[in-house]
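Novice: Please see the structure below; I have some questions.
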Amino acid sequence: MEKLVNMYLNYEPEDRSLGLPPVGRFAIETWLRYLEQKGFSIVAEHNGNIVGHLAIVEDESNKGVVDLAIYLTRSYQNQGIGTEMVKAIVEYCKRVCYKKISLVTDRLNWRAIRVYKKCGFKTVLAGYELYMELPLKPEASE
């Protein structure tokens, strides 16, 4: 977990959105423990450092729905890493039979919005934040 904490300790302040990722070691460690206990995460690494983190957490009020959050170090954005991470988690969610992936992003976070749309997400509510969803159809048994 230390590599992931380090990624977030060095995360650019202007890249934070909707209060995430949290600031400071204690808050970051607490948040990551929550994600570890309640969700599922994947990371992208380069030269031994974590440069991307995607997490899903099941929506406790909506069975079969997971909420998604993804963070990439600025210097690794616009290289297709985020797109590949989202595609990988979509396939995982299909395999484990989730019904839908939902997310909230800042309406000005055009890089993330482009990735989500490329992966099939649709905007369901727009305001200061965009609420996006991707309904899933489980893969057929082979």
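Numbering (our numbering), first residue to last: 352 to 493. All C-beta atoms, glycine included, are put in the ideal place defined by N, C-alpha and C.
#1: In the DSSP output, what is D457 paired with across the bridge?
#2: Does the stretch 400-412 come close enough to the stretch 352-360 that 3 or more CB-CB pairs lie under 8 angstroms?
#3: Using DSSP bridges, identify the partner residues of F377.
#4: Kindly indicate the opening and closing residues of the beta strand (DSSP E) around E396.
#5: Just list the residues that DSSP pairs Y422 with in beta bridges.
#6: Check the DSSP bridge columns for V417 and list the partner residues they point to.
#7: Cα-Cα, which of V437, Y449, R446 is closest to R465?
#8: Anyone know if the C-beta pair for Y362 and P372 falls short of 7 angstroms?
#9: Am I right that S453 and V416 are in contact with their C-beta atoms under 8 angstroms? What's the rounded C-beta distance?
#10: Between which two residues does the alpha helix (DSSP H) carrying L487 extend?
#11: Whole-angstrom Cβ separation of L369 and E480, contact assumed at under 8 angstroms?
Specialist: The short version:
#1: E480
#2: yes
#3: Its beta-bridge partners do not exist; DSSP assigns none.
#4: 390-397
#5: H404
#6: E409, I452
#7: V437
#8: yes
#9: 6 angstroms
#10: It is not in any alpha helix (DSSP H) - L487 carries neither H nor E in the DSSP assignment.
#11: 7 angstroms
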